[in-house]
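Undergrad: If you're matching positions, the sequence shown starts at 36 in my numbering and goes up one per residue. Don't be surprised by glycine CBs; every beta carbon is placed ideally from N, CA and C.
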Amino acid sequence: MSFKSFVRNNPVYKCYILPLRQKYNAYVESKLDDEMYFTRRHKKIFGYTPDFKNPQTFNEKIVHRILYDRNPLYTALADKLKARIYIAAKLQNLALGGGEFSPLKDTDSLTTKSSSQESSQNSKQTSASRDTKATNPAQEDFQATQATTDLSAQDGVRDTTQIEQRFQALAQDPTFLDSSVSSSPLFAPIGSLTQLLFETNICPFLPKLYGIYKSVEDIDFDTLPQSFVLKTNHDCGGVVIVPDKEAFLRDSKKFSEAMEKLTKHLNTNFYTLYREYHYKDIEPRIFAEELLGERTQAPQFPSPDSKKIEKSDFHKSFLPLCDYRFHCFNAHIGFIQVANPTHTHNNLFTSHWQPLPIAYLNTPSTQSIPKPHKLDSMLEVARHLSSMIDYVRIDLYYIVGERVSRIYVGELTLTPNGGSARFDPELWDREFGTLWNLTHTDTKTNKNNHNPTPKHEIDS
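(1) Does the region 205 to 223 come close enough to the region 287 to 306 that 3 or more CB-CB pairs lie under 8 Å?
(2) When burial is assigned at 16 or more other CB atoms within 10 Å of the CB, is residue 104 buried or exposed?
(3) Take residue 233 as the anchor and find which of 243, 239, 224 has the nearest alpha-carbon.
(4) Residue 372 to residue 454, Cα distance in whole Å?
(5) Give the secondary structure of residue 64 by DSSP, where H, G and I count as helix, E and B as strand, and everything else as coil.
(6) I'd like the list of long-range same chain contacts for residue 463, defined as Cβ closer than 6 Å, with 5 residues on each side in sequence excluded.
(7) Identify whether residue 126 lies in helix, strand or coil by the three-state DSSP scheme.
(8) Residue 388: buried (16+ other C-beta within 10 angstroms of its C-beta) or exposed?
(9) Check the DSSP bridge columns for residue 246 and list the partner residues they point to.
(10) Using C-beta distances below 8 Å, list every residue in its chain close to residue 413, excluding the 5 sequence neighbours before and after it, in chain order.
(11) Give the secondary structure of residue 367 by DSSP, where H, G and I count as helix, E and B as strand, and everything else as coil.
(12) Give a yes or no on whether the C-beta atoms belonging to residue 72 and residue 310 are separated by under 8 Å.
(13) Determine, using beta carbons only, whether residue 429 and residue 363 come nearer to each other than 8 Å.
(14) Do residue 356 and residue 278 have their beta-carbon atoms positioned less than 8 Å apart in this structure?
(15) How many whole angstroms separate the CB atoms of residue 420 and residue 120, which I take to be in contact at a CB cut-off of 8 Å?
(16) My output table needs one value for residue 226: the three-state DSSP class, helix, strand or coil.
(17) Which residue comes first and which comes last in the beta strand (DSSP E) that contains residue 267?
(18) Would you mind stating whether residue 85 and residue 70 have Cβ atoms separated by less than 8 Å?
(19) According to the neighbour-count rule (16 or more other Cβ atoms, all chains shown, within 10 Å of its Cβ), is residue 41 buried or exposed?
(20) Start and end of the beta strand (DSSP E) containing residue 428?
(21) Given this structure, state the Cα-to-Cα distance separating residue 45 from residue 51, to the nearest angstrom.
(22) So residue 97 is in the alpha helix (DSSP H); what residue range does that whole segment cover?
(23) If contacts are defined as beta-carbon pairs under 8 Å, then residue 202 and residue 127 qualify, I think. What distance do you get, rounded to the angstrom?
(24) Evaluate residue 270 with the Cβ neighbour count: other Cβ atoms within 10 Å of its Cβ, from every protein chain shown; 16 or more gives buried, anything less gives exposed.
(25) In terms of DSSP beta bridges, what is residue 390 paired with?
(26) Assuming residue 246 contacts residue 322 under a Cβ cut-off of 8 Å, what Cβ separation, rounded to an integer in Å, is found between them?
(27) If we count the other Cβ atoms within 10 Å of its Cβ and call it buried at 16 or more, is residue 304 buried or exposed?
(28) Give the list of continuous alpha helix (DSSP H) stretches no shorter than 4 residues that lie fully inside the region 272 to 330.
(29) When the Cα atoms are used, what is the spatial distance from residue 61 to residue 435?
(30) Might you give, ordered along the chain, the residues of its own chain that have their beta carbon closer than 8 Å to the beta carbon of residue 67, omitting 5 neighbours on each side?
(31) Using the Cα positions of residue 195 and residue 117, report the straight-line distance between them to the nearest angstrom.
(32) Report the rounded CA-to-CA distance for residue 83 versus residue 376, giving the unit in angstroms.
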């Protein structure tokens with residue numbers, strides 16, 4: 036054991052010195068502006084001082100986006116609720132293509148099941164909008180649309196054809212991704228989008244949305260199914276898995292801890308923790324969503340992870356799922372990252388499922404990872420969602436059922452790990468950086484880009 040390891044494992048260091056160091060570092064970082072904060076952090080992790088205005092590596096370009104490319108679209112896509120609208124619209128043509136991509140026919144999923152408080156507030160707002168002319172034409176259009184859908188929702192069933200046409204129209208609207216035009220729902224207040232958010236249940240690539248709440252007190256558990264997930268829309272880690280509602284509600288300790296966790300996340304602005312700017316202005320909500328993996332044979336990693344999960348949050352009728360993360364560069368698949376269910380291992384592949392000899396963030400799993408049977412379809416979904424964006428990570432789940440296999444979109448990630456995940460060998464950080472052609476031009480970037488050509492074919 037080295038002297039450094041000996042000191043760090045010493046109880047005196049752990050109990051007294053380390054907490055003081057952590058407090059001191061937190062104090063120092065609190066006094067830094069964002070650029071100095073990321074420069075200090077990068078030097079500590081990677082061992083050199085970066086030039087974020089002229090980024091070369093993949094991680095440097097992530098931080099460049101955080102610091103200088105503050106596109107409001109990134110805030111909309113980081114919002115796990117608004118991202119559903121983007122996903123449903125962008126994949127609508129796929130959803131109408133038939134076969135595996137045929138739309139869901141479960142009309143019950145189109146019924147609004149949000150919390151009574153938020154839905155009643157929205158109803159009052161739309162009712163008032165019929166009596167008073169809205170000052171914002173875009174808001175007037177949304178309120179008029181919502182008033183119409185609220186009336187039809189009283190019957191409990193929505194016209195799926197109209198909903199499909201609505202998402203098709205959004206996808207074809209040239210202003211859909213333009214924050215300067217306020218008619219796009221991606222930039223509208225979250226409280227005005229309740230009905231549209233529930234209409235995203237028509238998208239076969241999304242888990243069912245069961246409820247949207249402003250606080251834990253608004254959650255009506257009687258309206259929720261036997262299994263579900265509670266999440267916060269504005270950050271990372273605000274997740275409570277409920278595989279068995281009755282057991283969850285009976286366990287007062289576990290229930291109380293879950294509500295405290297959600298409340299803490301709801302009241303925390305994620306930007307203040309890690310300085311990722313696009314999280315700063317997301318309107319926080321809790322939402323209930325379908326728990327995936329019930330009674331399926333999903334691709335999974337053997338014994339160690341499965342046993343850990345089964346002993347904690349998962350019921351025996353649920354299987355842990357792999358997380359397939361497609362790193363996309365303007366619809367070009369740079370590499371695929373497969374995270375095991377407990378997110379302790381990452382394996383990287385090309386778009387042709389050729390293993391890459393790289394450790395990224397975590398060590399690769401020694402278990403064999405089979406190629407998903409519907410990999411081509413997953414690639415197509417990722418390409419559709421990443422078009423028009425110079426870089427985004429598309430997180431997918433692939434679930435193998437008894438009769439049909441399903442692809443689900445988990446989330447869209449604009450700045451994975453905040454630009455702090457190391458590659459081993461390190462040269463891959465620079466080589467993957469060459470795939471990212473920055474479209475943001477407020478600062479001079481890549482003026483003297485002498486990055487080497489990647490030594491391995493990443494995609495063709």
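TA: Let me spell this out:
(1) no
(2) buried
(3) 243
(4) 15 Å
(5) helix
(6) 393
(7) coil
(8) Looking at its Cβ environment, which holds fewer than 16 other Cβ atoms inside 10 Å, residue 388 is exposed.
(9) DSSP, once it has assigned bridges, lists 323 as partnering residue 246.
(10) Excluding residues within five positions, the ones whose Cβ falls inside 8 Å are 359, 361, 407, 431, 433, 442.
(11) strand
(12) Result yes, Cβ atoms of residue 72 and residue 310 sit closer than 8 Å.
(13) yes
(14) no
(15) In fact, because the Cβ distance is near 12 Å, the residues do not count as touching under 8 Å.
(16) helix
(17) That run of the beta strand (DSSP E) goes 263 to 267.
(18) no
(19) exposed
(20) Element bounds for residue 428: 427 to 435.
(21) 10 Å
(22) Where residue 97 is concerned, the enclosing alpha helix (DSSP H) stretches over 93 to 103.
(23) 4 Å
(24) buried
(25) 384
(26) 6 Å
(27) exposed
(28) 280 to 285, 287 to 301, 306 to 309
(29) 45 Å
(30) Counting only Cβ-Cβ distances below 8 Å, and skipping sequence neighbours, we find 75.
(31) Their backbone Cα atoms lie some 20 Å apart in a straight line.
(32) 33 Å
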